[in-house]
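Residue numbers (our numbering): 3 to 599.
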């Protein structure tokens, strides 16, 4: 039985809503799976012995990661190699090419088709796409995937526990955790889109990137409720990328209270007028910028009433069981009065971003951290972070990028110039890939570069929070925390006092509800005090949110956190998404925090 209780393939919705083609072939469902704890599969040529492999394997439900109940297989060791296999017939498509897509697979992925090595991909969060037509057969194609994950903090892994585990870390992930599908293309095709709106002079810019240089042209049509609003056509001029500008009269602006989306239709033709590719997308017309210690959305100051969201799900762990579960997380967040979520230490499923776009929830997207500064970590961040930016930079819900969190992986950024150079370089790299959004260089403390000053403090309701915020505003080099050593608000020579300030982690009160379920470890962990009753928990939250409301320095806050996860019991909801306190009561507390937005 599949996780949705029926016979349909799991996660049947289109996995990449920001760039869709009319045809695709869903490869989710039952695959063959095998652990390889001794890493002998390569020498044994498992990639070339599909029939033997299938007989020696067990079934796994893709795209749920091993160890999650929905996958149907036990978790491998934290340092492991796993293999996947399935067969398929080539779909009857007229296009000459076929692309294999894997939404995300953790961590180093090797793809084999009919015994041929097709591609290798490093990283656990960004999409894999490879052309397979050169080895594709009409029938009985054998697709085999090897995935290796090292038990090390020298690679980006976010909150996944490695060789050492903090109280805030969770069980690790390995293998496929987003959808797998095929799609037909011609010899040249669109690989990415980037749409960005400028309020003045009401212009939408769209950048179209092709797989190869193109001698043809691109046509873009903007529609609202099936009515054409604007159209433009531009020649590639032999390049693989081109940018168009569309002027829009009376734009319907995107915001949390009015999440209006426009449809986009993009058609690529070659020099002879033959169609090369046709993709559908959407966009939200909105502009976000920072000025005069404020954050502006569409030219108006906005106050961020946010919640920290780890993005772990019952049954599927890194993967929501259904698309509806992703939608419900957005709806629950908004139902509690939040207009904003910080997706913490995980590059989220594009379907979550789609629902945030459609339902109107502002987001910060964040690069998962490693914790050991090294050549390996530096190289991984420089390679993987731009891929995430390119994948997600067209989503209107994302109003900021977070590069580092609390100096994770750059622990000595205050003393070692190479670590500070990395922090500054990634800030500038982010701005080069996407100049349309604010960037938070290092959330928490030790700010060097950035557009928003993101401060973390779990001070409670005795006035200490207000005193800390005022002290930081007066002296950015003041101490914020003791993590390994004293951490200052800003590094020497950096002065973020002119930037908008957001309290991007706070709260953290713990409470174990009676309906918590089996997902809690012992001992329970929370950043703040542990409440003994729902009433005491609600009172503590109300008092701190009232104090936050009185801090004029702040442009917003991020409450820790949306749900409990394993030993962390500081969620407003249990891991099973049951409220600890009535959402209407939380909404009253949250909506009183801040006067804008």
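In this text, a Cβ means the ideal position worked out from N, Cα and C, and glycines have one as well.
Practice item. Just mark residue 2 as buried or exposed, buried being the case when its beta carbon has 16 or more other beta carbons within 10 Å. Key: In the structure displayed, the chain extends from 3 to 599; residue 2 sits before or after that span and is not available.
Exercise for review: Please determine, among 284, 304, 224, the residue with the shortest C-alpha to C-alpha distance to residue 557.
Suggested key: 304
Check your understanding: Along the chain, where does the alpha helix (DSSP H) that runs through residue 539 open and close?
Key -> 536 to 551
Practice item. Determine the extent of the beta strand (DSSP E) in which residue 559 is found, giving its start and end residues. Key: 556 to 562
Review point. Around the C-beta of residue 166, are 16 or more other C-beta atoms found within 10 angstroms, so that it is buried, or is it exposed?
Key: exposed
Review point. With burial defined as no fewer than 16 other Cβ atoms inside 10 Å of the residue's Cβ, what is the status of residue 458: buried or exposed?
Key: buried
**Study point:** From 509, 180, 400, residue whose alpha carbon lies closest to that of residue 2
**Key:** Residue 2 is absent from the model: the chain starts at 3 and stops at 599.
Review point. Is it a yes or a no for the stretch 154 to 168 touching the stretch 208 to 226, going by three-plus beta-carbon pairs under 8 Å?
Key: no
Check your understanding: Mind checking whether residue 17 and residue 105 have CB atoms under 7 Å apart?
Key -> yes
**Study point:** residue 570 to residue 503 span [Cα, whole Å]
**Key:** 27 Å
Check your understanding: Among residues of its own chain, excluding the 5 on either side of residue 31, which ones have a beta-carbon nearer than 6 Å to its beta-carbon?
Key -> 11
Review point. With burial defined as no fewer than 16 other Cβ atoms inside 10 Å of the residue's Cβ, what is the status of residue 359: buried or exposed?
Key: buried
Exercise for review: Count the other CB atoms, across all protein chains shown, that sit within 10 Å of the CB of residue 582; report buried if there are 16 or more and exposed otherwise.
Suggested key: buried
Check your understanding: Okay, do the stretch 41 to 59 and the stretch 90 to 103 touch, 3+ Cβ pairs below 8 Å being the bar?
Key -> no
**Study point:** the stretch 327 to 347 / the stretch 123 to 138 touching (three or more Cβ pairs under 8 Å)
**Key:** no
Practice item. Out of 438, 329, 425, 379, point me to the one whose CA is closest to residue 300's CA. Key: 438
Review point. Tell me the DSSP bridge mates of residue 255?
Key: 287
Exercise for review: Identify whether residue 467 lies in helix, strand or coil by the three-state DSSP scheme.
Suggested key: helix
Review point. Alpha carbon to alpha carbon, how far is residue 576 from residue 173?
Key: 17 Å
Point to revise | Separation of residue 406 from residue 216, as counted between CA atoms | key: 37 Å
Practice item. State the start and end residues of the unbroken alpha helix (DSSP H) segment that holds residue 428. Key: 419 to 435
**Study point:** Residue nearest to residue 415 in terms of C-alpha spacing, selected from 376, 313, 99
**Key:** 376
Point to revise | Member of 61, 112, 379, 363 whose CA lies at the smallest distance from the CA of residue 369 | key: 379
**Study point:** Cβ-Cβ separation, residue 463 to residue 506 (assumed contact under 8 Å), whole Å
**Key:** About 19 Å separates the two Cβ atoms, so there is no contact after all.
Exercise for review: Go through its chain and collect everything with a Cβ distance to residue 316's Cβ below 7 Å, but skip five positions before and after it.
Suggested key: 577, 578
Check your understanding: Three or more C-beta pairs closer than 8 Å, one from the stretch 244 to 251 and one from the stretch 344 to 361: is that the case here?
Key -> no
Review point. Should the stretch 529 to 539 be regarded as contacting the stretch 493 to 503, the criterion being three or more beta carbon pairs within less than 8 Å?
Key: no
Exercise for review: Reducing DSSP to helix, strand and coil, say where residue 592 ends up.
Suggested key: helix
Exercise for review: Label residue 123 either buried or exposed according to how many other C-beta atoms from any shown protein chain fall within 10 Å of its C-beta, with 16 as the threshold for buried.
Suggested key: buried
**Study point:** residue 346 burial status per 10 Å Cβ neighbour count (16 or more: buried)
**Key:** buried
Review point. Which of the three DSSP states, helix, strand or coil, is assigned to residue 71?
Key: helix
Practice item. Please decide whether residue 42 counts as near chain D, where near means a Cβ-Cβ distance under 7 Å. Key: Absent from the structure: chain D. Only one protein chain is present.
Practice item. Classify residue 476 as helix, strand or coil using the three-state DSSP reduction. Key: helix
Review point. Are the Cβ atoms of residue 109 and residue 151 separated by less than 7 Å?
Key: yes
Review point. By Cβ distance, which residues of its chain are closer than 7 Å to residue 424, with the 5 residues on each side in sequence left out?
Key: 380, 412
Check your understanding: Considering only C-alpha positions, which residue in the set 171, 441, 207, 324 is nearest to residue 66?
Key -> 324
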